[in-house]
Amino acid sequence: MTAQDKFLDTAQAAHYLGYSMSTLETWRCESMGPKYYKLHRRVRYKQSDLDAWLEAQVVTPKREVV
Numbered sequence: 001m002t003a004q005d006k007f008l009d010t011a012q013a014a015h016y017l018g019y020s021m022s023t024l025e026t027w028r029c030e031s032m033g034p035k036y037y038k039l040h041r042r043v044r045y046k047q048s049d050l051d052a053w054l055e056a057q058v059v060t061p062k063r064e065v066v
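Take the sequence shown: its letters are residues 1 to 66, numbered as in full-length UniProt numbering.
Here is the structure:
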C-alpha cells in the first residue's frame, strides 16, 4: 500500500483537509464532500481520494477586462 492509498479515519482526514470532524460528518449526512468507505461500521477516507476531491475544488479565476 502506497502513501496515496493509505486509509485515514475521520480525525486524520479532517486534519489533512483543514476542516473539522463535524464538517466531514455533516458532509457525509448530506452526501457532500470527499468519498469515503465504511469498513466494519468504521468510516475511512483514502488519501488519494482526498487529494482528488481537493483538486476538483480548484476554481480558476476569470481575468477581468479592464
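Glycine residues also receive a C-beta, built at the ideal position from the N, C-alpha and C atoms.
Remember, it's a predicted structure, so these values are computed and weren't measured experimentally.
Between Gly33 and Leu24, the CB-CB gap stays under 8 angstroms. When secondary structure is reduced to three states using DSSP, Arg28 falls in the helix class. DSSP places Tyr16 outside any beta strand (DSSP E); the residue lies instead in the alpha helix (DSSP H), whose first and last residues are 10–17. Arg28 places its beta carbon 8 angstroms or farther from that of Tyr16. Asp49 sits buried, since 16 or more C-beta atoms from the chains shown fall within 10 Å of its C-beta.
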